[in-house]
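Chemist: Residues 345 to 825 (the working numbering) are what the sequence shown spells out, left to right.
Where is the CB? At the ideal position from N, CA and C, for every residue including glycine.
Keep in mind it's a predicted model, so treat the numbers as computed, not measured.
Below is a structure I'd like to ask you about.
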Amino acid sequence: MGEKDTNSVSSSDASDTVKLKKELGLHNGVAIIVGVIIGGGIFISPKGVLQEAGSVGLSLLIWVLCGLISLIGAMCYAELGTMILKSGADYAYIRAAFGNLPAFLYLWVAIVIILPTGNAITALTFAEYILEPLFPCESPKYAIQLLAALCITLLTFINCVNVKWAARVQDIFTVTKIAALIIIIITGMVYLYTGDRESYQEPFKGSTTEPGNFALAFYSGLFSYAGWNYLNFVTEEIKDPYKNLPRAIGISLPLVTIIYVLANIAYFAVLTPVEMLKSDAIAVTFADRTLGVMAWTMPVFVACSTFGGLNGAIFTSARLFFVGARQGHLPGFLATINYKFFTPLPSLVFGCIMSLIMLCWSDIYALINYASFVESSFIGISIAGMLYMRYKYPDWERPIKVHIFFPCFFMVICLFLFIMPLTASPMECFMGLLMVATGIPVYILGVMWEKKPEAFKVLTEKFTKFTQKLFLCVREELKED
C-alpha cells in the first residue's frame, strides 16, 4: 500500500482532463441521495419501528424525528463538504480533523465490511423480488445469488463505461421508486377516507417507555434513511458544489421524510398493526390487499428500487476507494482513472469483486449488523471533527456554516445511539469494534512501514503497471496535501 511512484500522466503526455469530471448537476445530486436512501427498506420492513415503538402514533412520530435528525446531519455534512472539497465523505473529514490512522480505520471497515455487504444485501433483495413471480414456492438459493451477481456486474460495467450513463440509470430508477410510493400513498389515502381507520382509533396505545426499545426503534428508522451522506462521496464530480451540494440535500431530505411518513400512514390505513408485524414484505402484503390483479407490480417496483439504490451505492463507494488510494492508504492502482471513460475503473472493479465475495458469505446479515454500529459511530466522529475544526481552524473558508446548535444536537443523538446498544447488544458492539481494531496492524504494515523489502516494492510496481495496461488507466495530476 501507499506506493507514490505509480505512473501518472502530465499535460505534456496527455490531456490535462484525465481526471474525474464534474458531470453531476443538481438533479443528479437529488437522484443520488433519494435513490440511495429509498432502497428496499420502506417497501419491505417498516415493522421494525412499529415493533420497538409499540404503537402506531409513536412509530409515525419516530419516522418524522428520524427524518429531522437525518436532515440535521446532512446540513452538517453540507458544511463539511463545502469546506473540504474532496470526495470520500467521512474518510476525508476524519483525516482532516484527526489524522491518518482514524481515517484509515474508517476506510478499512468500509471496504472490508460496510460497503460490500450493503451492496450484496441490496443485490440479493433485487434478485429475490425479481424471481418471486417465477417460483410458486421459495426461490432457489443459487438462482438468487447468480442473479444478484449479474446485477452487481452489470451496474459496475455501466459505471465503468460512462458517468452520465450511471447518473441516467439513477435518475430513471429514482423516478420509478417514487412512483411506486405515490401509488401506495394515494391508495392508502383512499382507504383512509373510506375505511374504518382501525389503526388510528387509539394511536398511542401500547407505546414503549423503555429507553432501549426507543433507541432500537430509532435504529430501525435511521437505517431506512441511511445514505443521506452519500453525495459527499462524490464532491469532486459535482458541478458548482458550493451551491448544488447543499441544495440537493435541502431538497432530498424533506422530500424523503414526507414520502416515508405518508407511506407509513398509508400502510396503517390498509393494514392493522398486527398484520404489519406478521408481514416480512409489507409493500407486497399491501398490494395483495389493495391492487387486485395488479398486485404483481409491487415486487417489480421493489426490484427497481433496490436496483437504483445499488447503482448509487456502487457509484459512490468506488470514489471512496479512489480517494483512499490517492492518499496512499490503499494500493496505488486504485487511484488511477481510465483515460477513455474518465472513470475510476480499477476501484469500480475492486468494489465489484468485494461485493461478489460477500454474496458467498454464509452469514452476511450478521456482518452488516456488526458494522452498522461502527458506521454510525464514525458518522459521530465526523461531526465531532467538524466541531474540532471550528475550534482549531476558525479561519478556514466555510461557504456554508450551520448554527452550532445543529452539530451539538446531532452529537447528543450519536452518543445516545452509541451508548444504548452497548448495554442492549454488547456482543454485536464488541464484534464491530474488533473489526475496527483489525485495521491497526494493517495500517502499521501497509502504510507506516516505509522500508519494505525491495522485492515487495518491485512486485507491487509490476502489478500496478499491469493493471494500468489492463484497464487503460493513468493517475490524475493532483497536488499532494
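Using CA atoms only, rank isn't needed, just tell me which of T553, F722 and S431 is closest to R837.
Modeler: Summary: the structure shown does not reach residue 837, with the chain confined to residues 345 through 825, and so no result is reported for it.
Chemist: Looking at I626 and L525, is the spacing between their C-beta atoms short of 8 Å?
Modeler: Position 181 of the sequence shown holds residue 525. Position 282 of the sequence shown holds residue 626. Contact flag unset, no.
Chemist: Roughly how many angstroms lie between the CA atoms of F815 and I658, to the nearest whole one?
Modeler: The sequence position of residue 815 within the sequence shown is 471, counting from 1. The sequence position of residue 658 within the sequence shown is 314, counting from 1. For F815 and I658, the distance between alpha carbons rounds to 18 Å.
Chemist: Does DSSP put R819 in a helix, in a strand, or in coil?
Modeler: For the purposes of this step, residue 819 is taken as the residue at position 475 of the sequence shown. If DSSP states are grouped into helix, strand and coil, R819 belongs with the strands.
Chemist: In angstroms, rounded to a whole number, what distance separates the CA positions of S623 and T808?
Modeler: Counted from its first residue, the sequence shown places residue 623 at position 279. Counted from its first residue, the sequence shown places residue 808 at position 464. Cα-Cα distance, rounded: 50 Å.
Chemist: Looking at the secondary structure, which residues open and close the beta strand (DSSP E) in which N682 lies?
Modeler: If you number the sequence shown from 1, residue 682 lands on position 338. Segment T680 to N682, the beta strand (DSSP E) holding N682.
Chemist: When you compare only the Cα positions, how much space is there between L674 and I516?
Modeler: Start at 1 with the first residue of the sequence shown, and residue 674 comes out as number 330. Start at 1 with the first residue of the sequence shown, and residue 516 comes out as number 172. Using only the alpha carbons, I get a separation of about 33 Å.
Chemist: Given this structure, state the Cα-to-Cα distance separating Q395 from T553, to the nearest angstrom.
Modeler: Start at 1 with the first residue of the sequence shown, and residue 395 comes out as number 51. Start at 1 with the first residue of the sequence shown, and residue 553 comes out as number 209. Rounded to the nearest angstrom, the two C-alpha atoms are 13 Å apart.
Chemist: I need the straight-line Cα distance from E367 to D540, nearest angstrom please.
Modeler: As a first step, residue 367 is located in the sequence shown; it is residue number 23 there, counting from the start. As a first step, residue 540 is located in the sequence shown; it is residue number 196 there, counting from the start. Cα to Cα, E367 sits roughly 50 Å from D540.
Chemist: If you reduce the DSSP assignment to three classes, tell me which class D602 lands in.
Modeler: By one-based count along the sequence shown, residue 602 stands at place 258. Sequence inspection shows Ile at residue 602; the Asp mentioned does not correspond to that position. In the structure shown, I602 sits in a helix (DSSP, three-state: H, G or I).
Chemist: Could you pull the DSSP bridge partners for K582 from this structure?
Modeler: Mapped onto the sequence shown, residue 582 falls at position 238. It should be pointed out that residue 582 corresponds to Ile in this sequence rather than to Lys. Looking at the DSSP assignment, I582 forms a beta bridge with L368.
Chemist: When you compare only the Cα positions, how much space is there between L606 and F749?
Modeler: Within the sequence shown, the letter at position 262 stands for residue 606. Within the sequence shown, the letter at position 405 stands for residue 749. Rounded to the nearest angstrom, the two C-alpha atoms are 29 Å apart.
Chemist: I need the DSSP call for F753, collapsed to helix, strand or coil.
Modeler: Position 409 of the sequence shown, counted from the start, is the residue given in the question as residue 753. Helix.
Chemist: Please report the straight-line C-alpha distance between L560 and V393, rounded to a whole angstrom.
Modeler: One-based indexing of the sequence shown puts residue 560 at position 216. One-based indexing of the sequence shown puts residue 393 at position 49. Rounded to whole angstroms, L560 to V393 spans 8 Å at the Cα level.
Chemist: Could you give the distance in angstroms between the alpha-carbon of A464 and the alpha-carbon of D739?
Modeler: Locating residue 464 in the sequence shown gives position 120, where the first residue counts as 1. Locating residue 739 in the sequence shown gives position 395, where the first residue counts as 1. Computed Cα separation, rounded: 43 Å.
Chemist: From what residue to what residue does the alpha helix (DSSP H) around F558 run?
Modeler: Residue mapping note: residue 558 aligns to position 214 of the sequence shown, counting from 1. Its alpha helix (DSSP H) spans residues P555 to S568.
Chemist: With DSSP collapsed to three states, give me the class of P675.
Modeler: Here residue 675 refers to the residue found at position 331 of the sequence shown. Secondary structure at P675: coil, using DSSP grouped into helix, strand and coil.
Chemist: Which same chain residues end up closer than 7 Å to G532 when comparing Cβ atoms and leaving out the 5 residues on each side of it in sequence?
Modeler: Your numbering for residue 532 matches position 188 in the sequence shown. Counting only Cβ-Cβ distances below 7 Å, and skipping sequence neighbours, we find I609, A610, Y611, A613 and V614.
Chemist: First and last residue of the alpha helix (DSSP H) that includes S691?
Modeler: The residue given as residue 691 occupies position 347 in the sequence shown. That run of the alpha helix (DSSP H) goes L689 to L703.
Chemist: Is V646 closer than 8 Å to V378 when the C-beta atoms are compared?
Modeler: Within the sequence shown, numbered from 1, the residue matching residue 378 stands at position 34. Within the sequence shown, numbered from 1, the residue matching residue 646 stands at position 302. No.
Chemist: With 16 as the cutoff for other CB atoms within 10 Å, does I697 come out buried or exposed?
Modeler: Position 353 of the sequence shown, counted from the start, is the residue given in the question as residue 697. That one is exposed.
Chemist: Do the stretch 754-763 and the stretch 412-419 meet, that is, are 3 or more Cβ pairs less than 8 Å apart?
Modeler: yes
Chemist: The alpha helix (DSSP H) with R633 in it runs from where to where?
Modeler: Counting from 1 along the sequence shown, the entry for residue 633 is found at position 289. Looking at the DSSP string, the run of the alpha helix (DSSP H) that includes R633 is I626 to T634.
Chemist: Suppose the cutoff is 7 Å on Cβ atoms and the five residues either side in sequence are ignored; what does the same chain contact list for S483 look like?
Modeler: Residue numbering aside, residue 483 sits at position 139 when the sequence shown is read from its first letter. Closer than 7 Å at Cβ, skipping near neighbours: E472, L475 and E476.
Chemist: Please report the Cβ distance between V453 and V718, rounded to the nearest whole angstrom; I am assuming they are in contact, meaning their Cβ atoms lie under 8 Å.
Modeler: Stepping through the sequence shown from its first residue, residue 453 is reached at position 109. Stepping through the sequence shown from its first residue, residue 718 is reached at position 374. Their Cβ separation, rounded to whole angstroms, is 5 Å, which keeps V453 and V718 in contact under 8 Å.
Chemist: With the cut-off set at 8 Å, would you say T802 and G672 are in Cβ contact?
Modeler: Here residue 802 corresponds to residue number 458 of the sequence shown, with the count starting at 1. Here residue 672 corresponds to residue number 328 of the sequence shown, with the count starting at 1. Looking at the sequence shown, residue 802 is not Thr but Val. Cβ distance not < 8 Å, so V802 and G672 don't count as in contact.
Chemist: With a CB to CB cut of under 8 Å and the five nearest residues on each side skipped, what residues in its chain are close to I502?
Modeler: Walking along the sequence shown from the start, residue 502 turns up at place 158. Closer than 8 Å at Cβ, skipping near neighbours: W509, A510, V513 and N655.
Chemist: Sorry if obvious, but does the Cβ on L451 come closer than 7 Å to a heavy atom of the ligand MN?
Modeler: Looking at this structure, you won't find the ligand MN or any other ligand, since it has none at all.
Chemist: Please say whether G425 and P585 have beta carbons closer to each other than 8 Å?
Modeler: Stepping through the sequence shown from its first residue, residue 585 is reached at position 241. Stepping through the sequence shown from its first residue, residue 425 is reached at position 81. Less than 8 Å divides the Cβ of P585 from the Cβ of G425.
Chemist: Check whether the stretch 726-744 and the stretch 434-444 are in contact - that is, three or more C-beta pairs closer than 8 Å.
Modeler: yes
Chemist: Rounded to a whole number of angstroms, what is the C-alpha to C-alpha distance between I763 and V667?
Modeler: Position 419 of the sequence shown holds residue 763. Position 323 of the sequence shown holds residue 667. So the alpha carbons of these two residues sit roughly 31 Å apart.
Chemist: Taking Y486 as part of the alpha helix (DSSP H), name the residues at either end of that continuous run.
Modeler: Taking the sequence shown and counting its residues from 1, the one referred to as residue 486 is at position 142. From DSSP, the alpha helix (DSSP H) with Y486 extends over K485 to V505.
Chemist: Contact check, F685 vs V505 under 8 Å by CB: the rounded distance?
Modeler: Residue numbering aside, residue 685 sits at position 341 when the sequence shown is read from its first letter. Residue numbering aside, residue 505 sits at position 161 when the sequence shown is read from its first letter. With a Cβ gap of about 6 Å, F685 and V505 count as contacting.
Chemist: When we look at the beta-carbon of M638 and count the other beta-carbons within 10 Å, is it buried (16 or more) or exposed?
Modeler: Along the sequence shown, read from residue 1 onward, the residue named residue 638 stands at position 294. Per the 10 Å Cβ criterion, exposed.
Chemist: Cα separation between M427 and I488?
Modeler: In the sequence shown, residue 427 corresponds to position 83, counting from 1. In the sequence shown, residue 488 corresponds to position 144, counting from 1. Approximately 43 Å, taken between the alpha carbons.
Chemist: Using the three-state DSSP reduction, which class does D515 fall into: helix, strand or coil?
Modeler: The residue given as residue 515 occupies position 171 in the sequence shown. Helix at D515.
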